[in-house]
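**Q** In full-length UniProt numbering, the protein residues as written are 1 to 573. Where a beta carbon is used, it is the ideal one built from N, C-alpha and C, also for glycine. Note that the structure is predicted; figures quoted are calculated from it, not measured. The structure is given below, and queries will be raised subsequently.
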Amino acid sequence: MPSVAEGDYLVNLTSAPIFDNALYHSEALNLPDGQNEDDLNAQLALLACESGIEDPYRYLTPETPNLSTAMSMITLCSEERSSVSIHSRETQSTGMTSHPSRTSKDHTDGEHLPVQQPPPTARKSSLVDDYGSVMDRTRPSVRHMHSSSTASHTTSLVSNASSLLNPPAQKHKRASGLFSLFRKDSRSCTSKSHSHHGNPQTPKLECGHILSKQAVRRHIQDALEKKTRVVPTCCGKPLPRAVLATVLTKREVDVVTLAALPSPDIASLQHSGCSEDGMSQVDILPALHAHAHAQTPGSSTIAQTASSQDIGPMDEERLNLALANEAFKILKTQQKEQFERVSRFEACQRRALSGYHSWPRNRLTRKLESAKEEMSKEHAAELECLDESQILAELDMRKVHDIEAKNAATALKHMEAYCSGSNPGNPDVVHAVTEDDRGKLARQRRLLEKLPAKQDSAINVLRARQEKDTNLRRLKQQAELQQLDADYERDKRAAEELHLKESSRLDKIIESRRQRLTHRWDLKFEIWRRDWESQHGNPLPGRFPHEQWPVPADPNTPVDSSSTLALYTDEKV
């Protein structure tokens, strides 16, 4: 393992390149420089359009309804020219001071508003406030934007254009919805869709009714709102496919008739759109598409309207024949190879991230070991200096004790000579010895006798104080070492938390990338389905199985030396 000095260049390296989309595009998807997933989606969408797939982006981003798709699905019939819903009328104009009249012109200031932005709401009565609050709680935000801004605004534009083409005198007022309730057919069918006039071009049903497109939509909504799975009916008889095809595409007709639809939560469909009853293609089709998503768990293919359990023997045989097609096998092989390549790239990402976060931990370990080694040397030197100072202090004390003992012995000798009556220094002088002199002599003798014990006691006190100082110094040194360990554990825990955080971020990125990749393969399979149906002239129901993602690669998977991720591998540390 190199020293810290050899790895200093790694300090300025961040983990950003590991999460870089450009690296994923070049190494995992093999895209040329300057291209990304958006470009790939655009190319694939162009191929899908050439194959006859409408709105291919609903396959690529099925969780987000497309605004342009909603706009393209709005049906502007002559009978719906002035059928702006209450909510869309209120959201178009902020200058109304009262509830709009049913007979008023559909000429508002909404035509000057941008299509992409929903206009601000303006509710002028408590009834409208309650209506709007319930609608806001039950309607998804995206559909709210589509229905209240795009549909109502487009209807306003068509209404304005119609008013310019036709003289005002020829413009008929719309009859009140209240009176239309009394014009219902008296037959057994109780659907309120019969309040609309029939379209002469619509086929006549077995029950005798002739339904307009708006009435067909109402029957579809009635079927979707039922708790049990039913197909749209009129007077208890299922609507023919030809009638449903007047307002739905072939795929959506299959969803309504073949797949037993569960009732989606479309209570808010009655409050948006461009019709008097509040039902339009903008509201029906997303509900059908949402059900098509739920039909195939683990796959977002909207065209897969029926599972293998719902198709007949002939369709199943035709599906198996298509799956055995050589071109489809090549497509599946390409998918498998791409999944394996992406899986290897993900393993290299995880290994690079692990290697990147091992650097701080290794640096912390080396720093701790170095600090402990240096501090241990300092502590040993401190104890050695303390021991030397204590020895010198004891030697100095013993010298003082020796001098003290000599002085005491000399004093006793002179006092004994004085008390004996002799005076060696001046023999001619005669002096008298008093009791006081004899008392001083006795005290001096006792002092000299007790002097060794006193000196030993002083030495013991000195040694005890020195031992206490040594213990305090050792405790201080131990606390310093413990602080080093505490700092190391704190920094290590912070590094591990950062590693876990970035690992979680990488997992989310990988999951998101896999979903986008699967969505692109959904569209590729649908393109192949359309081409197969075009060549053979028969529909191909059922779902195409995806290749399984490979098991997680070995964490020790070698990283290509030419890859940017090679800088992060453990061998570089």
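Could you check whether N12 and N36 sit closer than 8 Å to each other, using their CB atoms as the reference points?
**A** Going by C-beta atoms, N36 is not nearer than 8 Å to N12.
**Q** Report the three-state DSSP secondary structure of K237 (helix, strand or coil).
**A** The answer is strand: DSSP assigns K237 an E or B state.
**Q** Within the same chain, show all residues whose beta-carbon is closer than 7 Å to that of P550, passing over the 5 residues directly before and after it, in chain order.
**A** Once the five neighbours on either side are set aside, the close Cβ partners of P550 are F339, E340, S343.
**Q** DSSP three-state label for L211, please.
**A** DSSP places L211 in coil when its eight states are reduced to three.
**Q** Using C-beta distances below 6 Å, list every residue in its chain close to D560, excluding the 5 sequence neighbours before and after it, in chain order.
**A** Closer than 6 Å at the Cβ level, and outside the excluded window around D560, lies no residue.
**Q** Put W359 into one of helix, strand or coil per three-state DSSP.
**A** Here W359 sits in helix by DSSP.
**Q** Which value, in whole angstroms, describes the spacing of the CA atoms of R473 and E394?
**A** Their Cα atoms are separated by approximately 19 Å.
**Q** Sorted by chain position, which residues of the same chain lie with C-beta nearer than 7 Å to L386's C-beta, five sequence neighbours on each side aside?
**A** Once the five neighbours on either side are set aside, the close Cβ partners of L386 are D469, T470, R473.
**Q** By how many angstroms is the C-alpha of R58 removed from the C-alpha of K237?
**A** Distance between the alpha carbons of K237 and R58: 33 Å.
**Q** Go ahead and pull the three-state DSSP assignment for T518.
**A** Correct three-state label for T518: helix.
**Q** Going straight from the alpha carbon of Q478 to that of T564, what length do you get?
**A** In a straight line, the C-alpha of Q478 is about 45 Å away from that of T564.
**Q** Shorter than 8 Å from the beta carbon of D387 to some beta carbon of chain C?
**A** Looking for chain C here will not work: only one protein chain is present.
**Q** Closer than 8 Å is the cut-off here; do at least three beta carbon pairs connect the region 435 to 446 with the region 475 to 495?
**A** Touching, no.
**Q** So which of T365, L451, G421 has the shortest CA-CA distance to A409?
**A** Ranking the options by Cα distance to A409, first place goes to L451.
**Q** Three-state secondary structure (DSSP) at D491?
**A** It is helical.
**Q** Is the CB-CB distance between L319 and P541 below 8 Å?
**A** Against a cut-off of 8 Å, the Cβ pair of P541 and L319 comes out as a contact.
**Q** Give the DSSP-derived three-state secondary structure of N320 in the structure shown.
**A** Note: N320 maps to helix in three-state DSSP.
**Q** Just confirm the distance between the C-beta atoms of L40 and L31, as a whole number of angstroms; I'd bet it's less than 8 Å.
**A** 7 Å between Cβ atoms; contact.
**Q** If I measure Cβ to Cβ from H209 and keep anything under 6 Å in the same chain, skipping five residues before and after, which residues do I get?
**A** C234.
**Q** Rounded to a whole number of angstroms, what is the C-alpha to C-alpha distance between P360 and E346?
**A** Rounded to the nearest angstrom, the two C-alpha atoms are 22 Å apart.
**Q** Under the rule that 16 or more other beta-carbon atoms within 10 Å means buried, what is Q309, buried or exposed?
**A** Because the pLDDT of Q309 is 42, which lies under 50, any placement of that residue in the model is unreliable, and the number read from its coordinates should be weighed accordingly. The residue is exposed, with fewer than 16 neighbouring Cβ atoms inside 10 Å.
**Q** Here's a check: name, in chain order, each residue in its chain whose Cβ is nearer than 6 Å to the Cβ of H357, leaving out the five neighbours to either side.
**A** So the qualifying residues of the chain are H499.
**Q** A223: which of P232, R217, I330 sits nearest, CA to CA?
**A** Measuring from the Cα of A223, the nearest candidate turns out to be P232.
**Q** Exposed or buried, what is C348 when buried is set at 16 or more other beta-carbons lying within 10 Å of its beta-carbon?
**A** Label assigned to C348: buried.
**Q** Looking only at its chain, what residues have a beta carbon closer than 6 Å to the beta carbon of Q335, apart from the 5 residues adjacent to it on each side?
**A** For Q335, where only same-chain residues beyond five positions count, the Cβ hits under 6 Å are W521, E547.
**Q** With D38 as the anchor, note down where its alpha helix (DSSP H) starts and where it stops.
**A** That run of the alpha helix (DSSP H) goes 37 to 50.
**Q** May I have the straight-line CA-CA distance separating residue 574 from D507, to the nearest angstrom?
**A** Because the chain in this structure spans residues 1 to 573, residue 574 falls outside the shown range and cannot be described.
**Q** In the structure shown, what three-state DSSP assignment does S562 receive?
**A** It is coil, neither helix nor strand.
**Q** In whole angstroms, what separates the C-alpha of A215 from that of L321?
**A** Each residue's alpha carbon lies about 41 Å from the other.
**Q** Given a cut-off of 8 Å on the beta-carbon distance, is the pair L523 and A28 in contact?
**A** Not closer than 8 Å, so no.
**Q** Is the CB-CB distance between L412 and Q444 below 8 Å?
**A** Yes, the pair counts as a contact, with Cβ atoms nearer than the cut-off.
**Q** Could you work out which residue in D55, E252, T365 is closest to Y488 when comparing CA atoms only?
**A** Measuring from the Cα of Y488, the nearest candidate turns out to be T365.
**Q** Within the continuous alpha helix (DSSP H) that includes A16, where are the two ends?
**A** Unbroken alpha helix (DSSP H) run through A16: 16 to 19.
**Q** Applying the criterion that 16 or more other CB atoms from any shown protein chain within 10 Å of the CB defines a buried residue, is H519 buried or exposed?
**A** So H519 counts as buried.
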